[in-house]
Amino acid sequence: YAYIATFRFIYFRQVIFSVQFLIVLPTFWRIIRNKSTEEFSGVPYNMTLLNCLLSAWYGLPFVSPNNVLVSTINGVGAVIETVYVVIFLVFASNRKARLRTLGLASAVAAVFTVVALVSMLALHGPARKLLAGLAMTVFSICMYASPLSIMRMVIKTKSVEYMPFLLSLAVFLCGTSWFIYGLLGHDLFVTSSRCPCRPAGA
Numbered sequence: 030y031a032y033i034a035t036f037r038f039i040y041f042r043q044v045i046f047s048v049q050f051l052i053v054l055p056t057f058w059r060i061i062r063n064k065s066t067e068e069f070s071g072v073p074y075n076m077t078l079l080n081c082l083l084s085a086w087y088g089l090p091f092v093s094p095n096n097v098l099v100s101t102i103n104g105v106g107a108v109i110e111t112v113y114v115v116i117f118l119v120f121a122s123n124r125k126a127r128l129r130t131l132g133l134a135s136a137v138a139a140v141f142t143v144v145a146l147v148s149m150l151a152l153h154g155p156a157r158k159l160l161a162g163l164a165m166t167v168f169s170i171c172m173y174a175s176p177l178s179i180m181r182m183v184i185k186t187k188s189v190e191y192m193p194f195l196l197s198l199a200v201f202l203c204g205t206s207w208f209i210y211g212l213l214g215h216d217l218f219v220t221s222s223r224c225p226c227r228p229a230g231a
């Protein structure tokens, strides 16, 4: 029954995945149209990119067996988030914003490279899965906390224009769906890495 429930849940998970990544399209259309990121923050997109990369790595068969779905979904997510980060770089509202986004993107690449190389060259079996799982969990927490970086502007301007409710809701639902998937698949790392989505989304 657990297998059937997991299989059916995949379809629901795919819908939530699509909503999470496509719901921000109006924001990026606005950025491209105005040729400026205005006051939108690139932090959540960089952190989501890192989370997708680490999750995709964790789901690979030689790292964590029987988690191909985690790898494929997050692999697609990483491609989409890369496009979003590039848009932030191209249409940064000023030099400071561009350098900040570039610095974050460089840090994302560095962290992922270190985790991948260490887990491949220095670790094997359960130890490899442990490192990849811990990295995924830590930076998943960072991802779900990253929208809080916009809270100061929300409080200052008394407007949620740059922190859309639908995006926050989509992130909450996405994290919750992964949490349930982890429970169904008895994967502690997938479950624990998505626990922060609930208080952060709320």
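Using my numbering, you'd call the opening residue of the sequence shown number 30 and step up by one each time. Glycine included, each C-beta is placed from N, C-alpha and C at the ideal position.
Along the chain, where does the alpha helix (DSSP H) that runs through residue i open and close?
i: Lys125; result: 124-150
i: Val108; result: 97-119
i: Phe57; result: 54-63
i: Ser84; result: 72-87
Taking a contact to mean a Cβ-Cβ separation below 8 angstroms, would you say residue i touches residue j in this structure?
i: Ala164; j: Val144; result: yes
i: Glu110; j: Leu160; result: no
i: Ala134; j: Asn75; result: yes
i: Val108; j: Ser84; result: no
i: Gly88; j: Val97; result: yes
i: Lys158; j: Phe120; result: no
i: Ile61; j: Phe69; result: no
Please report how far the alpha carbon of residue i lies from the alpha carbon of residue j, in whole angstroms.
i: Leu82; j: Pro155; result: 20 angstroms
i: Pro90; j: Phe50; result: 25 angstroms
i: Ile102; j: Thr205; result: 15 angstroms
i: Val48; j: Phe141; result: 25 angstroms
i: Met172; j: Leu54; result: 19 angstroms
i: Pro73; j: Asn80; result: 10 angstroms
i: Thr232; j: Arg124; result: Absent from the structure is residue 232, since the part of the chain shown begins at 30 and ends at 231.
i: Val167; j: Ala139; result: 15 angstroms
i: Thr9; j: Phe208; result: Outside the shown range of the chain (30 to 231) lies residue 9, about which nothing can therefore be said.
i: Trp58; j: Trp86; result: 30 angstroms
i: His153; j: Ser122; result: 45 angstroms
i: Gly106; j: Arg129; result: 22 angstroms
i: Leu118; j: Pro94; result: 36 angstroms
i: Leu131; j: Gly71; result: 10 angstroms
i: Val92; j: Gly162; result: 9 angstroms
i: Leu202; j: Ile170; result: 15 angstroms
i: Ala31; j: Ile52; result: Residue placement at Ala31 cannot be trusted, given a pLDDT of 49 that sits under 50; what the coordinates show is reported in the next sentence. In a straight line, the C-alpha of Ala31 is about 31 angstroms away from that of Ile52.
Checklist entry - Hey, is the stretch 149-157 in contact with the stretch 106-120, meaning 3+ C-beta pairs nearer than 8 angstroms? => result No contact exists between the stretch 149-157 and the stretch 106-120.
Item to check | Uninterrupted alpha helix (DSSP H) stretches inside the stretch 154-178 (no shorter than 4 residues) | outcome: 155-174
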